[in-house]
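**Q** According to the numbering used here, the sequence shown is numbered sequentially starting from 35. Note that beta-carbon positions come from the ideal geometry of N, C-alpha and C, so glycine has one too. This one's a predicted model, so the numbers in the text were calculated from it and none came from an experiment. This structure is in structure tokens; I'll ask about it shortly.
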Amino acid sequence: MRLLLDTHALLWWLADEGLSAPAQEAIADPGNLVAVSAASAWEISIKKALGKLASPDDLERQVQEGGFVPLPISLAHGIAAGRLPRHHEDPFDRMLIAQAIAEGLTIVTRDKRFDGYGVALLTA
Numbered sequence: 035m036r037l038l039l040d041t042h043a044l045l046w047w048l049a050d051e052g053l054s055a056p057a058q059e060a061i062a063d064p065g066n067l068v069a070v071s072a073a074s075a076w077e078i079s080i081k082k083a084l085g086k087l088a089s090p091d092d093l094e095r096q097v098q099e100g101g102f103v104p105l106p107i108s109l110a111h112g113i114a115a116g117r118l119p120r121h122h123e124d125p126f127d128r129m130l131i132a133q134a135i136a137e138g139l140t141i142v143t144r145d146k147r148f149d150g151y152g153v154a155l156l157t158a
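Next up, the structure:
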């Protein structure tokens with residue numbers, strides 16, 4: 035399985051709380067690729083700077099130590115995100131959806147607004 039963690043799923047994994055058992059098992063399975071988007075790091079950094087979110091100071095190290103694959107944002111991802119139907123207005127989530135579609139990834143999320151995009155989902 036090829037997974038992309040939504041930002042909340044990444045934070046729940048790092049905090050070891052909140053994830054469903056199927057999501058925990060899939061993320062922990064060494065046979066699965068687990069990607070973390072640059073969009074999630076960007077979202078976390080912005081919200082942390084605004085005082086809206088507590089997150090690890092060493093996010094990059096924790097992602098690396100967790101064996102996760104960093105997923106950069108490409109021009110193609112940006113174009114695809116802009117072309118998505120307007121079911122979801124959050125730009126970070128729209129980028130995750132575009133990346134998942136382009137890269138053939140299943141998004142680990144609890145966000146019900148992802149349902150309208152035809153992207154594979156695993157309930158976080």
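1. I need the boundaries of the alpha helix (DSSP H) containing A60, first residue and last residue.
2. Nearest-angstrom Cα distance between G2 and A158?
3. Closest to D92 by CA distance: which of N66, Y151 and A49 is it?
4. Taking its Cβ as the centre, do 16 or more other Cβ atoms sit within 10 Å of S74, making it buried, or is it exposed?
5. For M125, does the three-state DSSP call read helix, strand or coil?
6. Exposed or buried, what is S71 when buried is set at 16 or more other beta-carbons lying within 10 Å of its beta-carbon?
7. Going by Cα to Cα distance, which pick from H122, K82 and A57 is closest to W46?
8. Per DSSP, which one or two residues make a beta bridge with P104?
**A** From the atom records:
1. As a first step, residue 60 must be located in the sequence shown, where it is residue number 26. Unbroken alpha helix (DSSP H) run through A60: A55 to A62.
2. A query on residue 2 cannot be resolved here, the shown segment of the chain reaching from 35 to 158 and no further.
3. Reading the sequence shown from its first residue, position 58 is the one you call residue 92. Nearest C-alpha to D92: A49.
4. As a first step, residue 74 must be located in the sequence shown, where it is residue number 40. S74 should be labelled buried.
5. Numbered from 1 along the sequence shown, position 91 holds the residue referred to as residue 125. It should be noted that the sequence gives Pro, not Met, for residue 125. Reduced to three states, the DSSP call for P125 is helix.
6. The residue labelled residue 71 in the question sits at position 37 within the sequence shown. So S71 ends up on the buried side.
7. Start at 1 with the first residue of the sequence shown, and residue 46 comes out as number 12. When each option's Cα is compared against that of W46, the closest is A57.
8. Position 70 of the sequence shown holds residue 104. The partner list for P104 (beta bridge, DSSP) reads V70.
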